[in-house]
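Structure first, then comments.
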């Protein structure tokens, strides 16, 4: 690969907002091709883009972990490279909500109850959960203040969803409400309202805050 071509790719990486220092060039022998190919690897994630003589191989792809696109022109390879940068950022910024849920569950493993219950909340229990939702809202406010991006608009969106949860305490039984709450927390994390780089931490904090209240609520299931 020409130095000028590598420089052009450097500019594209830099324009994407990803740090060029996180990428590393290497040359690999590819089975079945009979010649070495240039590979650019994003070292923290292990994702990579390979420039072959008859096509490009890269991960992540649009809908698959690995993608191969046949092309033998440099301009076409550059277009694929630009698409790859979009897919790469998508995966790097995606919050791993399953991992966050697992961490929250492991933090308080004794909270699981064997007996499911969908009874209505008592007045005292609703007061506890209102306080927990307010704590989640305050946590989000602090996070948004630190991000400095559309703070009021994002906080308003969070407040609307948490107010919905607060109102649902009067309409839903315990088990139904817990599932609704986790769904709302996940939606906020995935929708972009919570900045992507802190979405997983927010989700973990929200679930853990809720679970800290639940032991005092008799018969409430967890998962």
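Residue numbers (our numbering): 95 to 317.
Glycine included, every Cβ here is placed at the ideal spot set by N, Cα and C.
The structure presented is a predicted model; accordingly, all values stated were derived computationally and were not measured.
Looking only at its chain, what residues have a beta carbon closer than 7 Å to the beta carbon of residue 275, apart from the 5 residues adjacent to it on each side? Start at 1 with the first residue of the chain shown, and residue 275 comes out as number 181. Taken in chain order, the residues that qualify are 259 and 304.
Could you tell me the alpha carbon to alpha carbon distance between residue 277 and residue 189, rounded to whole angstroms? Working through the chain shown from its first residue, we reach residue 277 at position 183. Working through the chain shown from its first residue, we reach residue 189 at position 95. Each residue's alpha carbon lies about 14 Å from the other.
Those runs of the alpha helix (DSSP H) which lie wholly inside the region 209-274 and span at least 4 residues: 217-241 and 245-262
N-terminal and C-terminal residue of the beta strand (DSSP E) that residue 182 is part of: Here the question's residue 182 lines up with position 88 in the chain shown. Premise fails: residue 182 lies in the alpha helix (DSSP H), 168-187, not in any beta strand (DSSP E).
Tell me the rounded alpha-carbon separation between residue 97 and residue 117. Stepping through the chain shown from its first residue, residue 97 is reached at position 3. Stepping through the chain shown from its first residue, residue 117 is reached at position 23. Roughly 16 Å separates the two Cα atoms.
Could you compute how far the alpha carbon of residue 150 sits from the alpha carbon of residue 159? Numbered from its first residue, the chain shown carries residue 150 at position 56. Numbered from its first residue, the chain shown carries residue 159 at position 65. Approximately 14 Å, taken between the alpha carbons.
Start and end of the alpha helix (DSSP H) containing residue 134? If you number the chain shown from 1, residue 134 lands on position 40. Segment 130-136 is the beta strand (DSSP E) holding residue 134; no alpha helix (DSSP H) there.
Rounded to whole angstroms, what is the Cα-Cα separation between residue 306 and residue 251? Mapped onto the chain shown, residue 306 falls at position 212. Mapped onto the chain shown, residue 251 falls at position 157. If I take the Cα positions, the gap works out to 24 Å.
What does a CB cutoff of less than 6 Å around residue 163 pick up in its chain, not counting 5 residues either side in sequence? Start at 1 with the first residue of the chain shown, and residue 163 comes out as number 69. Within the same chain, residue 163 has close Cβ partners 149, 150 and 174.
On the CB-based measure, 16 or more other CB atoms within 10 Å of its CB, does residue 271 come out buried or exposed? By one-based count along the chain shown, residue 271 stands at place 177. Burial call: buried.
Close Cβ partners of residue 152 (< 6 Å) along its chain, the five nearest in sequence each way excluded: The sequence position of residue 152 within the chain shown is 58, counting from 1. Result list for residue 152: 143, 161 and 178, in chain order.
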